[in-house]
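Residue numbers (this note's numbering), protein chains in the order written: chain A, 84 to 478; chain B, 822 to 1145.
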Ligand SMILES: Cc1ncc(C[n+]2csc(CCOP(=O)(O)OP(=O)(O)O)c2C)c(N)n1
């Protein structure tokens, strides 16, 4: 064991506690999306114009806006119920989306039925927009299955937990759309959207996805929800440049949108999908948002971030600004909001009841569908297991 | 003598190694400020600084690949992979560079890198958080592979792994992180690549490693209550295997049951069984039996009790062997 000893490491006594400079830098980084941030609805609920993207929101009438509000309230409500169910031992874990409702509902509602979506594991709001019933998500977190919806029918792939994997899968799917002639001006034109986080942008799979998509002009929207944190690591641990700027190096457009602004997310994603469907893909969208809860119910964010930061982001809540807009600019009355709240509570109750009533998987569930064609080894193991299992019956 | 959880014992072992050698680095996702998702690296960044405890970008190939570069430069990186199922983006760097550089350079470029991997199931987790991929590493020439089973061993083994000039894949049984044991920091530990007889017995030899060792010991206790004395051996090292103590034992008992969480096909357990029948053929009074996970992907957690070898399945195999 011969190692040169000349190297003197730099030690800082209290790196676990953020310094004043770190606090200021953190607040600044999370406060501003930068001059390029696309916004149509300010945190104060004011509709602002954007010469480039207004036309992608021009058809949003009062009813549509109310529906977006409803989507977000319902999604937040069952997300909170997920946390509660975990705390009560009904779920092993829950991955909260709190704060990311606009980024998910806005982009999800931009999709056409024929488009395909590849989520990571926090996209409960996108699942909702694809018509996946929230109860179909429960098995993953209760430990009974890996997602019970049909990914082909819903055009919503299974959740992917291995960070970044889905970016290549989405790109391959989009290549297939192109190879089958589904890119162009036709009404049957298709695109794919791929969801991932700021942390994921460091993975090789994401980089390779960008390369492939660029080389094959694949109709895929890379939709990065920059919620400022990858568990305990701030975005500065992953990048020197704003993430949307990375796209330029791969040769396709990148854009940063206010991820807490459901209208802007909808408009920008509509634009990005249209680019892809008409052959100008891929596109990178960075939805600038904030993870308002822990990474998962197993995480303790007080170990690595400051409460001030959360307080700041609460002022930019994605749901509140739509509510304010509905009241101030459209005179929507309290009765509407009460009605949505009641509907949300009903959804939460149904979600809870479904969870509590979920039967355990069949004993031989683990042997089910491992292969498309039967494996003699596995069949023998299944039979031996079932015989062994039966030997306990009545014991 | 301190009573420590396994997580704390590894933390203390890392700390001791870092104090001893300034070239020892800890690197991985969330290992710094957070102290790792299992808190195994808790407090290390605070005490050793950000240049020795690196919160890396989120990419396992990057973690392993840069560790290889740092090792070429004379550092001794200890990489943390957050969960077993996330090592695969780093597998290429492990197999192609980490494992082979010593051989390719004919010893001019040693690879004193440790890759710590919390492994195994039993914690009710979602997909990719409960796997036992040790055979995928034990199969690769150039890598050394170990698995600790208790706090005392963990404290010593992590330091020995860091001191080794070979790359060591260091498996930590995550469902035992919170189990406590006495750790004697003044003891002289056995060499890293040795297996250990942990409970003597005459009726049958029970071999396990990592998380199932506790299950094996419970089985031995249960069998003893019925008057059957099982001999229990903790494998500890999966590559190279140290099977002489197993051969000695089987020559005395005539029976062997190998226990592991990993699926059985082409596994470490299969290798143990093959070697024992080569070396102890005439002593065997029953076929070598394996109690393992099934040859399925790790199932949803509500099925894991059935997947994991438990006391009943181990005792069932013991009965079958004894009744042969
Ligand atoms: C390949 C891989 N490595 C590590 C992990 C463990 N892990 C789960 S989530 C996460 C952070 C992800 O951060 P980000 O991509 O920003 O998404 P977010 O969770 O914030 O939505 C990590 C490291 C994993 N799931 N997959």
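Ideal Cβ placement from N, Cα and C applies to all residues, glycine included. Remember, it's a predicted structure, so these values are computed and weren't measured experimentally.
Positions along the stretch 236-270 of chain A whose CB lies within less than 8 Å of some CB in chain B:
The residues in question are 244, 245, 246, 247.
Should residue 1074 of chain B be labelled buried (16 or more other beta-carbon atoms within 10 Å of its own) or exposed?
Using a 10 angstroms sphere on the CB of residue 1074 of chain B, the tally of other CB atoms reaches 16 or more, which defines it as buried.
I need the DSSP call for residue 85 of chain A, collapsed to helix, strand or coil.
Low local confidence applies: a pLDDT of 42 at residue 85 of chain A is under 50, so the model's placement there is unreliable, with the coordinate-based value given in what follows. DSSP, reduced to helix, strand and coil, places residue 85 of chain A outside both helices and strands of the structure shown, so it counts as coil.
At 4 residues or longer, what runs of the alpha helix (DSSP H) sit wholly inside the stretch 363-396 of chain A?
Taking 4 residues as the minimum length, the stretch 363-396 of chain A contains no alpha helix (DSSP H) run wholly inside it.
Just checking residue 244 of chain A against ligand 1 - is the residue's beta carbon closer than 7 Å to any of the ligand's heavy atoms?
Yes, Cβ of residue 244 of chain A sits closer than 7 Å to a heavy atom of ligand 1.
Would residue 1102 of chain B be called buried (16 or more neighbouring beta carbons within 10 Å of its own) or exposed?
For residue 1102 of chain B, the number of other beta carbons within 10 angstroms of its own is below 16, and it is reported as exposed.
Enumerated in chain order, which unbroken segments of the alpha helix (DSSP H) with a length of 4 residues or greater are wholly contained in the stretch 306-367 of chain A?
If we require 4 residues or more, the alpha helix (DSSP H) runs fully inside the stretch 306-367 of chain A come out as 329-333, 345-360.
Do we get a CB-CB distance below 8 Å when we pair residue 224 of chain A with the residues of chain B?
Judged by the 8 Å Cβ criterion, residue 224 of chain A is in contact with chain B.
Nearest-angstrom Cβ-Cβ length linking residue 1059 of chain B and residue 966 of chain B, presumed shorter than 8 Å:
So it is a contact: roughly 4 Å between Cβ atoms.
Grab the span of the alpha helix (DSSP H) containing residue 1065 of chain B for me, first residue to last.
Judged by DSSP secondary structure, residue 1065 of chain B falls within the alpha helix (DSSP H) whose first and last residues are 1065-1074.
Among A:261, A:152, A:117, A:242, which has the Cα closest to the Cα of residue 365 of chain A?
For residue 365 of chain A, the nearest C-alpha among the options comes from A:261.
List, in chain order, every chain A residue whose beta-carbon is nearer than 9 Å to that of residue 883 of chain B.
Residues of chain A passing the Cβ test: 285, 286, 287.
Can you give the Cα-Cα distance for residue 963 of chain B and residue 330 of chain A, rounded to whole angstroms?
When rounded, the distance between both Cα atoms is 39 Å.
Three-state class that DSSP yields for residue 429 of chain A in the structure shown:
The three-state secondary structure of residue 429 of chain A, taken from DSSP, is helix.
Residue 399 of chain A classed as buried or exposed, judged by whether at least 16 other C-beta atoms fall within 10 angstroms:
A buried status is given to residue 399 of chain A, since no fewer than 16 other beta-carbon atoms sit within 10 Å of its beta-carbon.
Closest to residue 376 of chain A by C-alpha separation, out of A:134, A:135, A:165, A:179, would be which residue?
Per the Cα distances, A:179.
Residue 1119 of chain B bridges to which residues according to DSSP?
Checking the DSSP bridge columns, you'll see residue 1119 of chain B has no partner listed.
Closest Cβ-Cβ distance between residue 1115 of chain B and chain A: below 8 Å?
Output row for residue 1115 of chain B: interface = yes.
Identify the contact partners of residue 851 of chain B in chain A, using a Cβ-Cβ distance below 7 Å as the criterion.
At a C-beta separation below 7 Å, residue 851 of chain B has these neighbours in chain A: 314, 315, 316.
Any C-beta of chain A sitting closer than 8 Å to the C-beta of residue 855 of chain B?
Residue contact check for residue 855 of chain B against chain A: a CB pair falls below 8 Å.
What does a CB cutoff of less than 6 Å around residue 982 of chain B pick up in its chain, not counting 5 residues either side in sequence?
Excluding positions up to five away in sequence, the list reads 935, 989, 991.
Local conformation of residue 423 of chain A per DSSP, three classes
In this structure, residue 423 of chain A counts as helix in the three-state DSSP scheme.
When you compare only the Cα positions, how much space is there between residue 1064 of chain B and residue 464 of chain A?
Between residue 1064 of chain B and residue 464 of chain A, the C-alpha separation is close to 28 Å.
Using the rule of at least 16 other Cβ atoms within 10 Å of the residue's Cβ for burial, across every protein chain shown, is residue 1009 of chain B buried or exposed?
The residue is exposed, with fewer than 16 neighbouring Cβ atoms inside 10 Å.
Taking 8 Å as the CB-CB cut-off, is residue 234 of chain A touching chain B?
Not an interface residue.
Could you check whether the Cβ of residue 468 of chain A sits closer than 8 Å to any Cβ belonging to chain B?
Taking Cβ atoms only, chain B reaches closer than 8 Å to residue 468 of chain A, which makes this a yes.
Residue 829 of chain B: buried (16+ other C-beta within 10 angstroms of its C-beta) or exposed?
That one is buried.
Should residue 1104 of chain B be listed as close to ligand 3, given that the test is whether its C-beta is under 7 Å from any heavy atom?
With respect to ligand 3, the structure offers nothing, as its ligand set consists of ligand 1.
Terminal residues of the continuous alpha helix (DSSP H) containing residue 212 of chain A?
Per DSSP, the continuous alpha helix (DSSP H) segment holding residue 212 of chain A begins and ends at 207-212.
Name, in chain order, the residues that DSSP records as bridge partners for residue 874 of chain B.
Residue 874 of chain B is bridged by DSSP to B:847.
Return yes when the C-beta of residue 207 of chain A is under 7 Å from any heavy atom of ligand 1, and no when it is not.
Taking the Cβ of residue 207 of chain A as the reference point, every heavy atom of ligand 1 lies at 7 Å or farther away.
Given residue 334 of chain A, which residues of its chain have a CB within under 6 Å of its CB, disregarding the five upstream and five downstream residues?
Short of 6 Å from the beta carbon of residue 334 of chain A, and not among the five residues preceding or following it, lie these beta carbons of its own chain, in chain order: 297.
Figure out for me which residue from B:850, B:827, B:1142, B:911 has the closest Cα to the Cα of residue 1051 of chain B.
The shortest C-alpha separation from residue 1051 of chain B is found at B:1142.
Alpha carbon of residue 220 of chain A to alpha carbon of residue 230 of chain A, nearest angstrom:
Going by the C-alpha atoms only, they are around 6 Å apart.
Taking one C-beta from the stretch 292-311 of chain A and one from the stretch 843-851 of chain B each time, how about it: are there three or more such pairs within less than 8 Å?
No, the stretch 292-311 of chain A is not in contact with the stretch 843-851 of chain B.
Below 9 Å between beta carbons is the criterion; list the residues of the stretch 1098-1122 of chain B that meet it against any residue of chain A, in chain order.
Listed in sequence order: 1115, 1116, 1117, 1118, 1119, 1120, 1121, 1122.
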